[in-house]
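Worksheet for the structure shown next.
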Amino acid sequence: MAFTLPPLTYGFDALEPHIDSATMKVHHDGHHAAYVNNLNKALESAPGLQNKSVEDLLANNLAAVPDSIKTAVRNNGGGHLNHTMFWAIMGPNGGGEPSGPLGEAIHSTFSTFATLKEKFNAAAMGRFGSGWAWLVKKGSGLEILSTANQDSPILEGHYPIFGLDVWEHAYYLKYQNRRAEYVTAWWNTVNWTEVEKRFLAGR
Ligand code: MN3
């Protein structure tokens, strides 16, 4: 069965003023749709893989994927998986701080939520060119990392709890070259209920 573009569960304008409606529309209907279409195209030559999950395709550095389509699946499968997460972990009335088990894990690893934000923002700002900043589950702990392009932490066996898209397509219409303003504003969109679900699922 072909992969499909998951609909946004909120309006394109729901994240205003932090992320603008025009960016959300082209990002979801344009960029994400293209990753889905190109992933499906790549898998036409490998019908045996069409029923696997994206996570299974990316696992162990694409061990199950033939060399001829490894790059296409890495980029477009990663793009599909990363954006599916991205839409889900944002929402209207977002922001604040996580509590519960995730809040405790953050305090245990980073001492304070402010320290987590500071280190995460540094990863987002330090990623040269296109990529993502992540909070991942690594072994029994939490770790911040960044990846290039559409590389998913799943490639290396790290479960992404949440991630921030720092490709220019994610912010250029509203913020132009001011990535730092976008990164700061983005925290106001985070849906911690959804992030907490991912944290518990990934344990
Ligand atoms: Mn993107």
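In this note's numbering, the protein residues as written are 370 to 572.
Built from N, CA and C at the ideal position, the CB exists for glycine as well.
Exposed or buried, which one is residue i when buried takes at least 16 other CB atoms within 10 Å?
{"i": "D436", "result": "exposed"}
{"i": "Q519", "result": "buried"}
{"i": "H538", "result": "exposed"}
{"i": "G532", "result": "buried"}
{"i": "L569", "result": "exposed"}
{"i": "P376", "result": "exposed"}
{"i": "L483", "result": "In the sequence under discussion, the amino acid at residue 483 is Ala, which differs from the Leu named in the question. Exposed, because fewer than 16 other Cβ atoms sit within 10 Å of the Cβ of A483."}
{"i": "A432", "result": "exposed"}
{"i": "K577", "result": "It is not possible to answer for residue 577, since the shown part of the chain is limited to 370 through 572."}
Helix, strand or coil, according to DSSP, for residue i in the structure here?
{"i": "I523", "result": "helix"}
{"i": "S515", "result": "strand"}
{"i": "Y528", "result": "strand"}
{"i": "V505", "result": "strand"}
{"i": "V564", "result": "helix"}
{"i": "L542", "result": "helix"}
{"i": "D534", "result": "strand"}
{"i": "G500", "result": "strand"}
{"i": "R547", "result": "coil"}
{"i": "I438", "result": "helix"}
{"i": "I388", "result": "coil"}
{"i": "E424", "result": "helix"}
Hey, would you say residue i sits closer than 8 Å to residue j, going by beta carbons?
{"i": "G463", "j": "N546", "result": "no"}
{"i": "L471", "j": "A492", "result": "no"}
For residue i, which residues does DSSP report across the bridge?
{"i": "M459", "result": "V559"}
{"i": "G510", "result": "K507"}
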